[in-house]
Amino acid sequence: MVGDGRGRGRGGTVVSGQGIAKADAVPAIPSDTIERQRRASHPGTSAWVSANAGSGKTHVLAQRVLRLLLAGVAPSRILCLTFTKAAAANMSIRVFRDLARWTRLDDDGLRRAIADTGAPVPALAGGPAALDDARRLFARTVETPGGLKIQTIHAFCERLLHLFPFEANVPARFEVLDDLRAADLLLRAREAVLADALGAPASGLGRGLATLTGQVSSSTFEALIDEALHHRHLVRDAVRDARDVDGLERALRASLGLGPSDTPAAIEAEMVEGGIPWSDWAEIARSIGADGGGPGKAGNRLMAAFDAPAGAQAEPYLDVFLTAKREPRAPSYLPQALRKKEPALCETLDAEGRRLVGLLGRRKSAETAERTGALMAVASAILDRYDAAKRRRGLLDFEDLVERTRNLLATSSSAWVLYKLDKGIDHILVDEAQDTSPEQWEILRAVSDDFFAGAGRPGPTRTFFAVGDEKQSIYSFQGARPDMFDEMRSYFKERAEDAEQRFAGVDLILSFRSSEAVLRAVDRVFAHAPNGRGLTHDPAGPQPHQALRRAPGRVELWPPVTAVAQPEPGDWKLPVDVVEPGDPPVVVARRIADTIHRLCRPGSGETVAEGNGRRPVRPGDVMILVRSRNSFFEAMIRACKERGVPVAGADRLALTQHIAVMDLVAAGRAALSPADDFTLACVLKSPLLGLDDDDLIALAPGRRGTLMSALGASDAPRHRDAHRKIAAWRDASAWLTPFAFYTRMLGADGGRRDLLGRLGPEAGDAIDEFLALTLAHERDGAPSLMAFLARLDGADLSIKRDMEAAGDAVRVMTVHAAKGLEAKIVFLPDTCAVPSGRHDPSLFGLDERPGEPESGLIAWSPRTDADAAPVAEARALARRRAVEEHNRLLYVAMTRAEERLYVAGFCGEKGPGDGCWYAMIQAAELPMEPAPAPWDPADEILQMRDPDPEEIATAPAAHPASADGTAPDLPVWLFRRPVAEAEPDLPPVRPSNPLGAADQNGPPAWPYVDRTRSGTRKQAAAAGRLMHRLLQHLPGVPAARRAATAARFLAVQGAALDEDHRAALAAQALAVLDDPALAGLFGPDSRAEVAVTASVGLPSGRRIDVTGQIDRIGVTDAAVHIADFKTGAPGAMTPKQALQLALYRAAVEPLYPDHRIRTHLVWTASGEVVEVSAGECANALETMG
């Protein structure tokens, strides 16, 4: 769930994101924490809050907004800035939820609610009038023009630019560019610039491109340009500060200590000509050889340099004195006899080596300046084209929003802007301050500077509030700088104190999320000095965590799975990168999937905390975190599916690489060009048309024309159907817009049904985003299917799926994506890799060197051995920061866990790398005990549990005990009061399941309920569902206890019905179970909710696949009873209902050849059971052909 705030509820309860827990289950919040929260939320004090993970920062943010409103601040004068839209929505929900609740409270309840926010008692001195004002806050906030401003900083910048377009020099009524259009405009700009460069090779642009292509391959060139465009603000700023690209190269040369004439060629000439005369090289080489120099020694190397052609002598000359890594050779490179015989010559040669080392550094600097200038020429030309294209269309991208706002507030017109803005903002609240970039801080400083104009400034007190955690700064790729967190804290503290205003620095250390075991592990891991690097700028290190929850916790450390040398593959037809069952990532993935399956298995006894008790573990309680979406990521999702564990799929989809989108694109291309046999073959095998390899083998070999003509000439019905569909697509492509074309394909033609049926529900997100792209294309000029597909070519688009909406399924995601989320159980399997030079950037900001002023310069260096000295320092700083962020990522990953943390790993033959997460956790020496591994008792894992087993045994039960002291034989969740939910719609018809829509028979009704007395159809539907669940679970309860169990169950789950109705429900359910004629259906050998998958033969000889779930099945010595429960009112059996039972019957019949198969309809509204005869089932199957 997004956010981790908690607050103090009424009567000693603690309000959490999971519901309300009684004080006897969750300890009361310590008074010290309450005091810290109230100091942070005080409306008259500027505050800087450093909040540990799970310590309730969102709660404090919401409380501060409420206290500002209670203090009389107009909603329009409050600005709340969050990092993501999801965080903004979550905070808005919290604020408006509390304000709406206040409108319904009586006076005493409202006083307590206001006091819980921390508002001082004098605020209530106004009596009833003050309470009425508090109740009106909801309406006042909703009705405020523009509303309460809780938004991302990009949304704030967009609003500001719309208010001041002339001052900001942006198009009036501009639009914000989406990712697809931005990628398309950048691609067009890149192609135009490269064409210009190739057309004018003598121009500066042409020379720059030649320099680049001479140093990198085609694939590296693409990556280099992408990196430069990703850091476009650095490129723009550097070129702007130097006035142009030539000025940038001159400034870079000066920064590197180069003169105007210091080119690589000139420095190489100095290497050859500035030391020992070339004419002496041959004689010196013979002298070295005469004194023991054999082949390959210094003499031979010097002779090779002498013989090299002019202009190519520098490198072989360097080989004489320097190693292949261009480091000085050991003194032994000259024979010892020569050193004794010719000491003066040897000293001359040693001095020459030292001279060349210095020149080599200068050459590196000159090459750095030359290639950086070339890159800047090409990149800035592309950006100029891109900016011009945006201007023509009245567009700004997200980076423009921040840059133009920053420039607006830094210009001479900023005084006017700030004057107008000051009349609208008195209080600024910043969430996730650690992820705010330096450019964004510039905006916040400019907007808030007038807040601290001095004690004599008229008007109300104006405040600045920020909350964050530098330990969780993990978005450096988006410009975040964790050092800015401490720097900005000092800045705002100093401004407030200079203005004689109150400023509070508050630390929130109490975790409302994680168990004591998890937090103890976190503290021990990061107390180890190397592990704590980069977590905080406090010399004392990170503050220890405190746990509020007393739920049983566990941390497990599994042994890493190490790769072993693999024999040569026996089957050379397999692809080189085929995934083997014994590959370490696959082994770890399967172990995790097996563990999750075991935890979630009914009767496993594994529980997690919820409310005032515990409940069984569900798949949705589990989160699996990885460092990147690598091969393990796919293996983990695959392992869960193979094990039957519900899994939500990938958290981020590469849209154009998703198989569903690839099928849709291929279908569009086939419609435009049916003669393209390869594309058509791909579409034929896709779910959209459903053919297979056998069909292609029947059609393709030996054909005389195109595959399309062979398809049309075939007599097979499925081939003719496919031909008709493609022909219809071809006709539609000529006159339908892309959106209309694909809407017809996915809707009327059943494409969405077919794609989801084969690819799974997660494909729905990709399909929806694809349709959104077709709409965006239509808004950007004349729509055309061909143009739309051309725009998608090469576009790198990805969509982030909402993993909070994943339902009851395991979430597999990166640590970055999991920021702000939490889970009862967390697995960390991807722990053995470390940051390496392979991930170094290519562009380095030279202003990043410690201790030097900002120069605004950037340099490109493709590899370590090409680094000039300042670039080497910048690279070392980048690597140090990468290690620090690596440490912070582990902190974020570990603190996602509420109760259990499982640490695993996989690695190569050398074992886990030094400094990897696994080694960091091992080095902490946690107090763990060995235990047998669940996958093999011969293996050993390490466990740390908290509290002790004796304490776990005393945890409160999640359900009441029976009168005789035994627990009822029903699942735990049956005794939890459910959240009210809307009446479900008819289930969708699924292509793989012809039974889908047969489960309803008109609107549900409850014939025995007096509607004038009991209420609505929703109650009637609820009563039907209660009957269904009674008939599902009561057969497993001993007959003597069924009545008492039914009464307890209905008292909790059926609280909306009055006592008479609940008694009637129980009596009807018991009557059905006691009916001797139905003993086989509800007897001891019966089961509920039985999944069935089978291939069923129809009377026509055709076979179909059937997948469904039988509501109840019972087996006796002579018969098999099958029942399907219907929630509607009793009535005539529909053909769909008969067909459903007929297919179930046909699926089960081969399994019990000696049994009589009896099928029943059970009407839960009345408890009536109707048997459907074998003849009726046979007639139903006849209708399917």
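Going by the working numbering, the sequence shown opens with residue 66, and the numbers climb by one from there.
All residues carry an ideal CB built from backbone N, CA and C; glycine is no exception.
For residue i, the nearest candidate out of the options (CA to CA)
i: R471; options: E504, V207, F591, R965; result: E504
i: H881; options: V875, K865, A582, K889; result: K865
i: L801; options: G339, M851, W343, V1171; result: M851
i: R1210; options: E1233, G1179, G340, A1197; result: G1179
i: W346; options: G364, P329, E333, M336; result: G364
i: T209; options: S96, E256, L134; result: L134
i: P625; options: G978, G273, M368; result: G978
i: H219; options: A237, L461, T601; result: L461
i: F550; options: G1240, L600, D873; result: L600
i: S693; options: L908, V587, C897; result: C897
i: G714; options: D830, R589, I791; result: D830
i: L313; options: G921, L170, L1246, V936; result: G921
i: W113; options: A561, A1088, L820, W925; result: A561
i: I890; options: G354, F286, I661, R655; result: I661
i: G685; options: E507, R769, K558, V877; result: V877
i: R318; options: R436, E412, A377, P342; result: R436
Continuous alpha helix (DSSP H) stretch holding residue i: start and end
i: R205; result: 193-208
i: R456; result: 408-458
i: K889; result: Run containing K889: none in the alpha helix (DSSP H); it sits in the beta strand (DSSP E), 888-893.
i: F517; result: Where F517 is concerned, there is no enclosing alpha helix (DSSP H), given that its DSSP letter is neither H nor E.
Residue i vs residue j beta-carbon contact at 9 Å
i: S115; j: E535; result: yes
i: D1154; j: Q1133; result: Note that residue 1154 is Glu in the sequence shown, not Asp. Contact: no.
i: L954; j: M688; result: no
i: R1152; j: A1184; result: no
i: D496; j: L146; result: yes
i: N117; j: R598; result: no
i: L575; j: L613; result: yes
i: Y956; j: F591; result: yes
i: T1229; j: H1098; result: no
i: L718; j: D895; result: no
i: A199; j: A293; result: no
i: S352; j: E407; result: yes
i: R619; j: A569; result: no
i: F529; j: S555; result: no
i: L1096; j: V1137; result: yes
i: H788; j: S798; result: no
Inter-residue spacing [alpha-carbon to alpha-carbon] between residue i and residue j
i: A1026; j: R679; result: Because A1026 sits at a pLDDT of 37, beneath the cut-off of 50, its placement in the model cannot be relied upon, and the point is left open.
i: R615; j: A962; result: 14 Å
i: L448; j: F161; result: 43 Å
i: G361; j: G269; result: With a pLDDT of only 49 at G361, under the threshold of 50, the placement of this residue in the model should not be trusted, and no figure is reported.
i: S538; j: D716; result: 20 Å
i: A1109; j: G1162; result: 46 Å
i: W1071; j: D1170; result: Its pLDDT being 29, under 50, W1071 is placed unreliably in this model, and the coordinates cannot settle the point.
i: A409; j: E432; result: 34 Å
i: G812; j: R224; result: 38 Å
i: A188; j: F148; result: Caution is warranted here: a pLDDT of 49 is assigned to A188, below 50, making its placement in the model unreliable, and no coordinate value can be reported.
i: D905; j: L226; result: 36 Å
i: A1245; j: W794; result: 35 Å
i: E1247; j: V653; result: 50 Å
i: V422; j: D415; result: 11 Å
Range covered by the beta strand (DSSP E) that runs through residue i
i: W1228; result: 1221-1228
i: H492; result: 492-495
i: W794; result: Premise fails: W794 lies in the alpha helix (DSSP H), 782-798, not in any beta strand (DSSP E).
i: I1169; result: 1168-1180
i: D1189; result: 1184-1191
Counting only runs that start and end within the region 134-184, where is the beta strand (DSSP E) found for 3 or more residues in a row?
Counting only runs of 3 or more residues that sit fully inside the region 134-184, the beta strand (DSSP E) segments are 143-147, in chain order.
In chain order, which alpha helix (DSSP H) runs of at least 4 residues are fully inside the region 233-269?
Counting whole runs of 4 or more residues, the region 233-269 contains the alpha helix (DSSP H) stretches 244-264.
Where are the beta strand (DSSP E) runs, 3 residues long or more, that stay fully inside the region 804-877, in chain order?
Look at the region 804-877 and you find these whole runs of beta strand (DSSP E), each 3 residues long or longer: 863-865.
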